[in-house]
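Notes follow the structure.
In structure tokens form, the structure reads like this:
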């Protein structure tokens, strides 16, 4: 297919999405809820169809020698399809994020100015291997009244097409125009490049995947992008912290799921507690198989540690490696985090309110913790019900993003003949 | 000066701004208020200094043959400096937009999650001729706890430098580090290009000026930009509207200040009222010297009208020209506005709630009016006290933007040892 032919088809998808978004934007909350519940039922009903599409992807994956962890992420089975359906039902049950009156004011001249939440319009989602993202992302976009154009990884192409097909058929049964959920029907890179220039039709793009994918999207996209590049998360064990709690939190933040973006990557330890605290925390981390890379001072207190380079303090290891640094008080800790961090999730472990106040006020990150694990930065854990991604941007949305974050607002001004 | 030398100096401005923003972010509301009031006093005290700097700009402007309207915009005098100072005092008196708890939730595990408004950090403002923008923009940025880097038009360079100098001296007297208000100290285009690549130091850029300036900023900037390209504002005179009110509103929206972005550019008239309404509204508009460009149907009802081309319906005239079209009901009106408009300000004139509801729900613009003039899209008129610009973007802020819109948020999560 030539670039021009592909362009024409994408243009058609874009126009359909725009039309569908206009219908979705004014769809009553109840109708959206029912439609999402029907989509959940339809996924269950189409289990064998989805699993046999997935079998094709798995066959190709095995042929290409894909590693076991990736194959696991790609695999759909009875339980995982149930879980996709449950996800849609949970999103359906949430409060409707559209049409909320965010503020209202009556001006001295009698004008009544209301600020009301409205959908964005059309959202583009670009993601890698997991096919469940097709249903999760579509559900949350629809809840917020948006049409969605999805582009999934090539290794899950058949699975994604099957899931999107089911969702689209259900949307049609609900009386919605074609274009509510659309999947880019090609796996080559040209299609993504073209999609990212469609700012006439796509209001916002959310990439989900590794830093490489996200950098490509940001470089190519002509529409706004909500994203995080990486999560270089810190915990600072401050003077006066409860050692048992601190060790517990640090081990959880580093070890419970080291490959995710809210996992701990750098531990800062206050000099005043180092001599006593380092042996305790090191023992616990080493017992979990964590490789420690520390500054000279830390290495003196922990024989098993390797010497850290400066690059270690910028690193998102996504594995059982932890950078450690001894710092002199909360100011140096904050300075380190704002310099080396990624503005994702950073916490202080301390019982001294003066220090925790300084920390929360001065750390410039999307989520700042006091005495808890960084692993809680997650839409579900925040009570959003579902999550479309996490933002380390400052514009529009920061931290975990749910359906609320997929709305914008407009002002509705009601008058009775006012002129200026 | 070479590009590299300029880069080094800009880099220094950036670092200073970043440092100043950290100090401003934690400055208590009272201290910001007092600092802004002192800035107002300092402008008054420095009147002769500012007026003599302005005289140099005016001399150069006269030499270059600048037209009278532009020279008027460039001129500073006693009254205008008083008005800048008043603006700062008004911003000082507003509620502090920083540190607001936007939402708070306690999760079943005991985590307390608060969403709190915080400053962006460093804001870049790029503007054209009016030197008062230096004080207005700096005031609103500081109110929201941000440092600001300004780049004004070359024709107002001396005036801008004098004003920024006064503000900076005052910031120093208030104990703030250097870098709260900085003006790019060159007038050549290279400096803007370099500034727009400083995403390490500038979190957000707001351009204020003509469409050409804004397109350049969007094309060059590597940081987010909040802006509107143009205001192609519509009013739709619907079936059942009050004719006297409608004529009054239309004349006001078109004629009260035709050169501003919230002025009316296209009038839509419902077919059902056209025969009766067109003579009345045409008479009033023609009496004000408005040139009418209508479709064939309108031209039949109004002999003085010229025939409109399709391009007239995309046009932002910014002068006493009005495009007119006869439409068949509210659905066609909405369709026209969403196709030809600029998502700025659009209104319906009608007494029928079914139509006004359809209109407000379906018009995809930042501000949607019922029975009032589009001229009210303005921070002051919205009760924001001051305005840094108007956004037709959907991300982050739509419509008039005040100090609230110059904040973002972060999540502060307080726990007692929670792990996941």
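Residue numbers (this note's numbering), protein chains in the order written: chain U, 1137 to 1556; chain A, 1137 to 1556.
All C-beta atoms, glycine included, are put in the ideal place defined by N, C-alpha and C.
Fill in: Beta-carbon neighbours of residue 1518 of chain A, restricted to chain U and to distances below 7 angstroms
The answer, in chain order, is 1249.
Worksheet item: Rounded to whole angstroms, how far is the Cβ of residue 1251 of chain A from the Cβ of residue 1545 of chain A, which I believe are closer than 8 angstroms?
Response: Right, the Cβ-Cβ distance comes to about 5 angstroms (below 8 angstroms), so this counts as a contact.
Item to complete: Alpha carbon to alpha carbon, how far is residue 1478 of chain U from residue 1500 of chain U? Give it in angstroms, no decimals.
Response: Per the coordinates, the alpha-carbon of residue 1500 of chain U lies some 9 angstroms from the alpha-carbon of residue 1478 of chain U.
Item to complete: Go through its chain and collect everything with a Cβ distance to residue 1254 of chain U's Cβ below 7 angstroms, but skip five positions before and after it.
Response: Cβ neighbours of residue 1254 of chain U within its own chain (closer than 7 angstroms, five residues either side excluded): 1161, 1234, 1543, 1544, 1545 and 1546.
Worksheet entry | Rounded Cβ spacing between residue 1506 of chain A and residue 1551 of chain U (contact assumed at less than 8 angstroms) | Separation of the CB atoms of residue 1506 of chain A and residue 1551 of chain U is rounded to 6 angstroms, and the pair is thereby assigned contact status at 8 angstroms.
Worksheet item: Taking three-plus beta-carbon pairs below 8 angstroms as touching, is the stretch 1418 to 1428 of chain U in contact with the stretch 1384 to 1401 of chain U?
Response: Segment contact: the stretch 1418 to 1428 of chain U against the stretch 1384 to 1401 of chain U, three or more CB-CB distances shorter than 8 angstroms; contact assigned.
Worksheet item: Along the chain, where does the alpha helix (DSSP H) that runs through residue 1365 of chain U open and close?
Response: First-last for residue 1365 of chain U: undefined, no H or E at that position.
Worksheet item: Just to confirm, are residue 1179 of chain U and residue 1220 of chain U a CB contact at a threshold of 7 angstroms?
Response: For residue 1179 of chain U and residue 1220 of chain U, yes; Cβs fall inside 7 angstroms.
Worksheet item: Along chain U, in chain order, which residues have C-beta atoms closer than 7 angstroms to that of residue 1360 of chain A?
Response: Here the neighbours are 1531.
Worksheet item: Can you give, in chain order, each stretch of the beta strand (DSSP E) that sits fully within the stretch 1427 to 1498 of chain A and has at least 3 residues?
Response: Whole beta strand (DSSP E) segments, 3+ residues: 1427 to 1430, 1457 to 1463 and 1481 to 1485.
Practice prompt. Take the Cβ of residue 1482 of chain A as the centre, count every other Cβ of all protein chains shown within 10 Å, and call the residue buried at 16 or more, exposed below.
Written response: When all chains shown are included, residue 1482 of chain A counts as buried.
Item to complete: Could you tell me whether the stretch 1257 to 1264 of chain U touches the stretch 1194 to 1206 of chain U, using the rule of 3 or more Cβ pairs below 8 angstroms?
Response: No: the two stretches stay apart, fewer than three of their Cβ pairs being nearer than 8 angstroms.
Item to complete: Return the residue from the list A:1192, A:1174 and A:1256 that minimises the CA-CA distance to residue 1227 of chain A.
Response: Restricting attention to A:1192, A:1174 and A:1256, the CA atom closest to the CA of residue 1227 of chain A is found in A:1174.
Discussion item. Given a cut-off of 7 angstroms on the beta-carbon distance, is the pair residue 1312 of chain U and residue 1182 of chain U in contact?
Written reply: Against a cut-off of 7 angstroms, the Cβ pair of residue 1182 of chain U and residue 1312 of chain U comes out as no contact.
Worksheet entry | Contact set between residue 1340 of chain U and chain A, taken where Cβ atoms lie within less than 8 angstroms | Contact annotation for residue 1340 of chain U against chain A: 1530 and 1531 [CB-CB distance below 8 angstroms, chain order].
Worksheet item: Would DSSP call residue 1277 of chain U helix, strand or coil?
Response: Three-state result, residue 1277 of chain U: helix.
Fill in: Continuous beta strand (DSSP E) assignments of at least 3 residues falling wholly in the stretch 1375 to 1430 of chain A
Listed in chain order, they are 1400 to 1406 and 1427 to 1430.
Worksheet entry | Buried or exposed (CB count within 10 angstroms, at least 16 for buried), residue 1461 of chain A | With 16 or more other Cβ atoms within 10 Å, it is buried.
Discussion item. Quick check on the burial criterion: 16 or more other C-beta atoms within 10 angstroms. Buried or exposed for residue 1168 of chain A?
Written reply: With 16 or more other Cβ atoms within 10 Å, it is buried.
Item to complete: Quick one: list the residues of chain A neighbouring residue 1350 of chain U, beta-carbon separation under 7 angstroms, in chain order.
Response: The contacting residues do not exist; residue 1350 of chain U stays about 15 angstroms from chain A at best.
Worksheet item: Can the beta-carbon of residue 1289 of chain U be found closer than 7 angstroms to that of residue 1264 of chain U?
Response: A contact, by the Cβ cut-off of 7 angstroms.
Item to complete: With DSSP collapsed to three states, give me the class of residue 1182 of chain A.
Response: Coil.
Worksheet item: For the 8 angstroms Cβ check, are there 3 or more pairs between the stretch 1357 to 1371 of chain U and the stretch 1340 to 1347 of chain U?
Response: Because the criterion of three Cβ pairs below 8 angstroms is met, the stretch 1357 to 1371 of chain U and the stretch 1340 to 1347 of chain U touch.
Worksheet item: Measuring CB to CB, does residue 1330 of chain A end up less than 7 angstroms from residue 1296 of chain A?
Response: The criterion of a C-beta distance shorter than 7 angstroms is not satisfied by residue 1330 of chain A and residue 1296 of chain A.
Practice prompt. Tell whether a beta-carbon distance below 7 angstroms holds between residue 1520 of chain A and residue 1527 of chain A.
Written response: No, Cβ-Cβ distance for residue 1520 of chain A and residue 1527 of chain A is not below 7 angstroms.
Item to complete: In the DSSP assignment, find the unbroken alpha helix (DSSP H) run with residue 1258 of chain U in it and report its ends.
Response: Not the alpha helix (DSSP H): residue 1258 of chain U falls in the beta strand (DSSP E), residues 1258 to 1263.
Practice prompt. Grab me the residues of residue 1569 of chain A's own chain with a C-beta within less than 6 angstroms of its C-beta, minus the 5 sequence neighbours each way, in chain order.
Written response: No information on residue 1569 of chain A is available, as it lies outside the stretch 1137 to 1556 that chain A covers here.
Worksheet entry | Per-residue contacts from residue 1498 of chain A into chain U (C-beta, under 8 angstroms) | Those are 1158, 1161 and 1162, listed as they occur along chain U.
Worksheet entry | Whole-number beta carbon distance between residue 1510 of chain A and residue 1378 of chain A, since they are thought to touch under 8 angstroms | The pair is not a contact, with the Cβ atoms about 17 angstroms apart (cut-off 8 angstroms).
Worksheet item: Under 9 angstroms Cβ-Cβ, which residues of chain A neighbour residue 1379 of chain U?
Response: Under the 9 angstroms cutoff, chain A gives no residues; its nearest Cβ is about 11 angstroms from residue 1379 of chain U.
Practice prompt. Just the C-alpha distance for residue 1418 of chain A and residue 1447 of chain A, rounded to the nearest angstrom, thanks.
Written response: Taking the CA atoms as reference points, residue 1418 of chain A sits about 21 angstroms from residue 1447 of chain A.
Discussion item. With H, G and I counted as helix, E and B as strand and the rest as coil, what does DSSP make of residue 1507 of chain U?
Written reply: In this structure, residue 1507 of chain U counts as strand in the three-state DSSP scheme.
Fill in: residue 1502 of chain U: contacting residues in chain B (beta-carbon distance under 7 angstroms)
In the structure shown, chain B cannot be found, because the protein chains are U and A.
Discussion item. Using beta carbons (cut-off 7 angstroms, strictly below), is residue 1434 of chain A in contact with chain U?
Written reply: No, no contact with chain U.
Practice prompt. Report back the beta-carbon spacing between residue 1374 of chain A and residue 1466 of chain A to the nearest angstrom; my notes put them in contact at under 8 angstroms.
Written response: At roughly 6 angstroms, the Cβ-Cβ gap stays under 8 angstroms, so residue 1374 of chain A and residue 1466 of chain A are in contact.
Item to complete: Return the residue from the list A:1349, A:1337, A:1191 and A:1211 that minimises the CA-CA distance to residue 1325 of chain A.
Response: Among A:1349, A:1337, A:1191 and A:1211, the Cα nearest to that of residue 1325 of chain A belongs to A:1349.
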